[in-house]
Amino acid sequence: MRIVRDPAELAVTERPVGFVPTMGAFHEGHLELMRASARENARTVVSLFVNPTQFAPHEDLSKYPRNEARDAELAEAAGADVLFAPSVDTIYPRHTTEVRVSGVSERFEGAIRPTHFAGVATVVLKLFNMVRPDRAYFGLKDLQQCAVVKRMVEDLNVPVELRFLETVREQDGLAMSSRNVYLSPDERERAPRLHDVLVQLARSLREDPSVLAEELVPAATAALNRHGFEVQYLALVDPESMEPRSKFHSSFRWIVAARLGNIRLIDNVPA
Ligand code: AMP
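Spelled out as structure tokens, the structure:
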């Protein structure tokens, strides 16, 4: 596996090229995306770039876990051919053009983190233009990110095929996340309740389709509060538009964001 800092050295001759954009601190969620890419493509490029423009000033950019040597070993073992790990100056020699995807960016994560998705969309498009992948791999763990990238690719005719992979979880159901290492032992024990509540909501709506999603939310929120969560949003959504929905449809997803102590957790499951 080559480690590349300069986009001029990214030229990959063998196609198809699969691309996995990441911010590092790899866990099985990242590695599953890399393995899927390695299975489906002649070459796999993984980017490791902690993108400053998707963090607000008060967020955890400086504390974001970083360990490139460990990540390089894991990426190679998962089948990556190139680890593209550019500096911030390489990606942002200046900052004048921004990609903003209206609509799908605005609710939920976008309402809580108003500058986040412009940062994501801009860096993803820049990385696509540097790597020129045939396919790109994203995790459904970040459902709204998938919706934003999909819409951007459609609206701007970006020639890439998108692949979205289901969330990889710990044995107790907690969605894997680079930020889970910051949970205290007590919080780590409570954290899987977030997934339990989503699974229960999905079951309740499937078992009684006459009930409305928003009728189920208050009891689920109360259950999370009892476990020490501070719920930011909990809703049934259409993942194409990221609009809330009331009635069951098999393509919809239950989404949640909640704080547990100082850590913000997000998760989602199929309806
Ligand atoms: P990040 O490094 O957090 O920006 O994530 C890089 C990619 O890995 C994104 O497409 C994420 O959605 C995906 N990802 C993160 N956590 C998981 C997980 N638990 N399961 C599957 N994919 C994930």
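For the sequence shown, the residue numbers in this note's numbering are 38 to 308. For glycine and all other residues, C-beta sits at the position ideal for the given N, C-alpha and C.
For residue i, three-class secondary structure by DSSP
{"i": "glutamine 208", "result": "coil"}
{"i": "aspartate 304", "result": "strand"}
{"i": "alanine 45", "result": "helix"}
{"i": "glycine 176", "result": "strand"}
{"i": "isoleucine 275", "result": "According to the sequence provided, residue 275 is aspartate. The question's isoleucine does not apply to it. Reduced to three states, the DSSP call for aspartate 275 is strand."}
{"i": "alanine 295", "result": "strand"}
{"i": "proline 170", "result": "coil"}
{"i": "phenylalanine 92", "result": "coil"}
{"i": "glutamate 146", "result": "helix"}
{"i": "valine 254", "result": "helix"}
{"i": "arginine 225", "result": "helix"}
{"i": "tyrosine 219", "result": "helix"}
Distance, residue j Cα to residue i Cα
{"i": "phenylalanine 63", "j": "serine 221", "result": "20 Å"}
{"i": "asparagine 166", "j": "leucine 111", "result": "25 Å"}
{"i": "alanine 239", "j": "arginine 172", "result": "31 Å"}
{"i": "valine 234", "j": "arginine 206", "result": "15 Å"}
{"i": "alanine 106", "j": "proline 255", "result": "45 Å"}
{"i": "valine 211", "j": "alanine 228", "result": "The sequence shown places leucine at residue 211, not valine. Between leucine 211 and alanine 228, the C-alpha separation is close to 6 Å."}
{"i": "threonine 134", "j": "leucine 249", "result": "42 Å"}
{"i": "tryptophan 291", "j": "threonine 81", "result": "32 Å"}
{"i": "arginine 216", "j": "tyrosine 101", "result": "8 Å"}
{"i": "glutamate 146", "j": "arginine 52", "result": "35 Å"}
{"i": "leucine 47", "j": "alanine 117", "result": "13 Å"}
{"i": "glutamate 113", "j": "arginine 103", "result": "17 Å"}
Exposed unless 16 or more other CB atoms sit within 10 angstroms - verdict on residue i
{"i": "asparagine 305", "result": "buried"}
{"i": "glycine 55", "result": "buried"}
{"i": "glutamine 208", "result": "exposed"}
{"i": "leucine 193", "result": "exposed"}
{"i": "serine 288", "result": "exposed"}
{"i": "threonine 59", "result": "buried"}
{"i": "aspartate 43", "result": "exposed"}
{"i": "asparagine 88", "result": "buried"}
{"i": "serine 78", "result": "Looking at the sequence itself, residue 78 is asparagine, so the reference to serine does not match. With 16 or more other Cβ atoms within 10 Å, it is buried."}
{"i": "histidine 67", "result": "buried"}
{"i": "histidine 132", "result": "exposed"}
{"i": "glutamate 69", "result": "buried"}
{"i": "aspartate 126", "result": "exposed"}
Cross-strand partners of residue i (DSSP beta bridge)
{"i": "serine 84", "result": "Pro58, Phe121"}
{"i": "arginine 39", "result": "Val119"}
Residue i beta carbon near the ligand AMP (any heavy atom closer than 8 Å)
{"i": "methionine 279", "result": "no"}
{"i": "phenylalanine 289", "result": "no"}
{"i": "aspartate 209", "result": "no"}
{"i": "arginine 206", "result": "yes"}
{"i": "aspartate 179", "result": "yes"}
{"i": "threonine 152", "result": "no"}
{"i": "phenylalanine 92", "result": "no"}
{"i": "phenylalanine 175", "result": "yes"}
{"i": "histidine 132", "result": "no"}
{"i": "glutamate 198", "result": "no"}
{"i": "leucine 297", "result": "no"}
{"i": "valine 57", "result": "yes"}
{"i": "leucine 98", "result": "no"}
{"i": "leucine 70", "result": "yes"}
{"i": "serine 214", "result": "yes"}
{"i": "histidine 264", "result": "no"}
{"i": "histidine 232", "result": "no"}
{"i": "glutamate 203", "result": "yes"}
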